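Number of protein chains: 2
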Amino acid sequence: MHPPDTLPRAVLLLSGGLDSTTLLAIAARDGFAIHALTFQYGQRHAVEVDAARRVATDARVAEHVVCDIDVRVFGGSALTSDLAVPKDRDLSAVRAGIPVTYVPARNTIFLSYALAWAEVLDARAIYLGVNALDYSGYPDCRPEFIAAFERMANLATKAAVENGRSIAIRAPLIDLSKAEIVRLGISLGVDYALTTSCYDPLPAGIACGRCDACLLRLKGFAEAGRQDPIRYATA
Amino acid sequence: MHPPDTLPRAVLLLSGGLDSTTLLAIAARDGFAIHALTFQYGQRHAVEVDAARRVATDARVAEHVVCDIDVRVFGGSALTSDLAVPKDRDLSAVRAGIPVTYVPARNTIFLSYALAWAEVLDARAIYLGVNALDYSGYPDCRPEFIAAFERMANLATKAAVENGRSIAIRAPLIDLSKAEIVRLGISLGVDYALTTSCYDPLPAGIACGRCDACLLRLKGFAEAGRQDPIRYATA
Numbered sequence: 001m002h003p004p005d006t007l008p009r010a011v012l013l014l015s016g017g018l019d020s021t022t023l024l025a026i027a028a029r030d031g032f033a034i035h036a037l038t039f040q041y042g043q044r045h046a047v048e049v050d051a052a053r054r055v056a057t058d059a060r061v062a063e064h065v066v067c068d069i070d071v072r073v074f075g076g077s078a079l080t081s082d083l084a085v086p087k088d089r090d091l092s093a094v095r096a097g098i099p100v101t102y103v104p105a106r107n108t109i110f111l112s113y114a115l116a117w118a119e120v121l122d123a124r125a126i127y128l129g130v131n132a133l134d135y136s137g138y139p140d141c142r143p144e145f146i147a148a149f150e151r152m153a154n155l156a157t158k159a160a161v162e163n164g165r166s167i168a169i170r171a172p173l174i175d176l177s178k179a180e181i182v183r184l185g186i187s188l189g190v191d192y193a194l195t196t197s198c199y200d201p202l203p204a205g206i207a208c209g210r211c212d213a214c215l216l217r218l219k220g221f222a223e224a225g226r227q228d229p230i231r232y233a234t235a
Numbered sequence: 001m002h003p004p005d006t007l008p009r010a011v012l013l014l015s016g017g018l019d020s021t022t023l024l025a026i027a028a029r030d031g032f033a034i035h036a037l038t039f040q041y042g043q044r045h046a047v048e049v050d051a052a053r054r055v056a057t058d059a060r061v062a063e064h065v066v067c068d069i070d071v072r073v074f075g076g077s078a079l080t081s082d083l084a085v086p087k088d089r090d091l092s093a094v095r096a097g098i099p100v101t102y103v104p105a106r107n108t109i110f111l112s113y114a115l116a117w118a119e120v121l122d123a124r125a126i127y128l129g130v131n132a133l134d135y136s137g138y139p140d141c142r143p144e145f146i147a148a149f150e151r152m153a154n155l156a157t158k159a160a161v162e163n164g165r166s167i168a169i170r171a172p173l174i175d176l177s178k179a180e181i182v183r184l185g186i187s188l189g190v191d192y193a194l195t196t197s198c199y200d201p202l203p204a205g206i207a208c209g210r211c212d213a214c215l216l217r218l219k220g221f222a223e224a225g226r227q228d229p230i231r232y233a234t235a
């Protein structure tokens with residue numbers, strides 16, 4: 001065992017949702033000191049930022065930074081504008097085409113900030129919680145995008161160019177179903193009561209239970225044969 | 001001639017300096033409706049943002065957005081922290097190694113925002129004003145970085161993935177010297193009196209005349225046989 005200050009460092013994109021909280025447990029198991037990075041943008045996700053803070057504290061990360069994203073360049077997206085979040089959709093519709101909750105180039109921007117911080121920290125890895133259910137709809141959740149970003153990143157930084165120190169983009173959830181993610185997280189001791197996934201939570205932070213994110217999460221827990229510990233408005 | 005609203009669109013990264021102002025003239029010559037994007041970060045560059053506004057207004061761009069960048073993830077850089085800006089250096093020192101004004105992953109972050117906006121606008125090109133003098137020191141100013149970003153960008157967006165509409169990253173200054181940039185800009189009618197390049201301007205916005213950026217700019221004008229129209233504290 002290394003003491004925490006001699007562990008290799010990783011930057012981890014932490015939303016406070018089910019996926020990135022599981023990701024945090026994986027990165028800790030992999031032996032990294034974790035520098036968690038959470039983005040704040042638009043109004044809808046203030047509840048998520050609170051969840052990210054709880055998760056980061058609970059996991060005793062080395063550091064947690066909440067970074068503001070100026071959304072002036074983003075146009076039509078339910079996460080950043082006033083488009084309605086779809087409710088009670090058949091989940092087969094979620095898989096067909098790019099969802100309305102798509103934010104242009106979001107993972108590219110998130111990974112770029114992570115890359116900047118990784119360079120400052122001399123981190124060896126960036127962890128990103130994209131998974132199979134996402135990449136059916138979002139172009140920047142696919143393995144070929146992750147590989148192309150990694151290649152670009154290793155041409156972009158001083159550490160890589162002057163010292164030959166490369167950075168790996170790790171997306172260990174990419175091929176897992178939600179049920180597999182839940183099972184893996186529980187085996188690693190994740191407390192899902194700290195997390196939130198809802199696109200449209202009630203003021204008190206209670207999940208709506210009807211948006212795509214809630215429906216996918218509930219289906220994941222059901223298929224894993226587990227009870228989701230968070231509260232839903234529809235329960 | 002197309003009326004402006006039927007021209008193809010380009011996003012252009014505009015700092016208000018000599019290079020990006022020349023770039024703007026090139027993109028206009030190339031026949032694009034220009035959507036200019038300026039970043040505000042740290043304290044030093046408030047003078048540059050003012051210059052960018054003057055340049056954008058003068059060039060009658062289709063739109064100009066000033067976007068805030070949260071620099072919490074950036075550590076040691078003279079552009080964002082309190083490190084001293086080097087003065088009166090021999091310009092051969094500027095070419096040796098990565099400069100102290102290096103900001104980690106800066107162009108990656110800037111291009112990522114440009115990509116997001118390009119997707120919203122359905123733009124066909126992103127213009128970036130990197131040039132030969134820069135890429136001796138900054139890893140993210142080299143042609144191989146630009147090519148890798150372009151490849152990644154075309155895997156990242158809905159437009160590319162669903163509709164096969166690709167985006168080009170154009171860096172037309174990349175092989176030019178400062179003197180060549182000045183000559184090209186003057187031939188295209190650029191008014192360099194509107195621009196600023198200084199890393200450490202006086203409160204009134206007057207260029208110091210002694211930082212690397214001022215020295216490179218002055219040398220460029222001298223080699224082009226032209227008078228730099230801006231005021232310098234050292235003149």
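Chains A and B supply the protein sequences, listed in that same order. Its first residue numbered 1, the first sequence is counted upward by one per residue in the numbering used here. Its first residue numbered 1, the second sequence is counted upward by one per residue in the numbering used here. Glycine included, C-beta positions come from ideal geometry on N, C-alpha and C. Only a predicted model underlies this, so the values are computations on that prediction, with no experimental measurement involved.
Alpha carbon of residue i to alpha carbon of residue j, nearest angstrom
i: residue 78 of chain A; j: residue 25 of chain B; result: Any reading at residue 78 of chain A must be qualified, since the residue scores a pLDDT of 42, below 50, and its modelled position is unreliable; no value is offered.
i: residue 236 of chain B; j: residue 156 of chain B; result: Nothing about residue 236 of chain B can be read from this structure; chain B reaches only from 1 to 235.
i: residue 195 of chain B; j: residue 115 of chain A; result: 31 Å
i: residue 163 of chain A; j: residue 224 of chain A; result: 45 Å
i: residue 70 of chain A; j: residue 129 of chain A; result: 22 Å
i: residue 142 of chain B; j: residue 170 of chain B; result: 12 Å
i: residue 216 of chain A; j: residue 90 of chain A; result: 10 Å
i: residue 52 of chain B; j: residue 36 of chain A; result: 34 Å
i: residue 72 of chain B; j: residue 139 of chain A; result: 28 Å
i: residue 154 of chain B; j: residue 137 of chain B; result: 27 Å
i: residue 41 of chain B; j: residue 68 of chain B; result: 6 Å
i: residue 222 of chain B; j: residue 229 of chain B; result: 12 Å
9 Å Cβ cut-off: residues of chain B touching residue i
i: residue 109 of chain A; result: 109, 112, 113, 115 and 116
i: residue 178 of chain A; result: Simply none; closest approach about 23 Å.
Within chain B, the residues that residue i reaches when beta carbons sit closer than 7 Å
i: residue 49 of chain A; result: What residue 49 of chain A touches in chain B: nothing, since even the nearest Cβ is about 13 Å away.
i: residue 161 of chain A; result: 139
i: residue 144 of chain A; result: 155
Nearest residue (CA-CA) to residue i, options the options
i: residue 203 of chain B; options: B:181, B:48 and B:103; result: B:48
i: residue 165 of chain B; options: B:125, B:50, B:58 and B:15; result: B:125
i: residue 18 of chain A; options: A:150, A:169, A:30 and A:173; result: A:173
i: residue 104 of chain A; options: A:62, A:128, A:88 and A:74; result: A:74
i: residue 39 of chain B; options: B:28, B:60, B:31 and B:16; result: B:16
i: residue 122 of chain A; options: A:22, A:28 and A:33; result: A:33
i: residue 205 of chain B; options: B:142, B:53 and B:233; result: B:233
i: residue 145 of chain A; options: B:144, B:161, B:68 and B:143; result: B:161
i: residue 181 of chain A; options: A:36, A:72 and A:219; result: A:219
i: residue 54 of chain B; options: B:90, B:21 and B:200; result: B:21
i: residue 211 of chain B; options: B:88, B:37, B:31 and B:41; result: B:88
i: residue 132 of chain A; options: A:200, A:175, A:58 and A:65; result: A:175
i: residue 63 of chain B; options: B:5, B:139, B:137 and B:228; result: B:5
i: residue 108 of chain A; options: A:8, A:149, A:117 and A:7; result: A:149
i: residue 66 of chain B; options: B:117, B:140, B:159 and B:30; result: B:117
i: residue 226 of chain B; options: B:112, B:72, B:199 and B:191; result: B:191
i: residue 29 of chain B; options: B:7, B:41 and B:13; result: B:7
i: residue 13 of chain B; options: B:86, B:85 and B:113; result: B:113
i: residue 110 of chain A; options: A:23, A:11, A:46 and A:85; result: A:11
Chain A within 7 Å of residue i, Cβ atoms only
i: residue 67 of chain B; result: yes
i: residue 32 of chain B; result: no
i: residue 269 of chain B; result: Here chain B covers residues 1 to 235 and nothing more, so residue 269 of chain B does not appear.
i: residue 175 of chain B; result: no
i: residue 79 of chain B; result: Confidence is the limiting factor: at residue 79 of chain B the pLDDT is only 48, short of 50, which leaves the residue's position unreliable and the question unanswerable from this model.
C-beta neighbour in chain B for residue i, strict 7 Å
i: residue 5 of chain A; result: no
i: residue 149 of chain A; result: yes
i: residue 130 of chain A; result: no
i: residue 155 of chain A; result: yes
i: residue 219 of chain A; result: no
i: residue 39 of chain A; result: no
i: residue 73 of chain A; result: yes
i: residue 87 of chain A; result: no
i: residue 70 of chain A; result: yes
DSSP three-state assignment for residue i, whether helix, strand or coil
i: residue 11 of chain A; result: strand
i: residue 183 of chain A; result: helix
i: residue 155 of chain B; result: helix
i: residue 76 of chain B; result: Interpretation of residue 76 of chain B is limited by its pLDDT of 46, a score under 50 that renders its predicted location unreliable; the figure taken from the coordinates is listed afterwards. Reduced to three states, the DSSP call for residue 76 of chain B is coil.
i: residue 108 of chain A; result: helix
i: residue 65 of chain B; result: strand
i: residue 41 of chain A; result: coil
i: residue 127 of chain A; result: strand
Residue i: CB within 6 Å of a non-hydrogen atom of the ligand GTP
i: residue 111 of chain B; result: The model on display carries no ligand, and the ligand GTP is accordingly not part of it.
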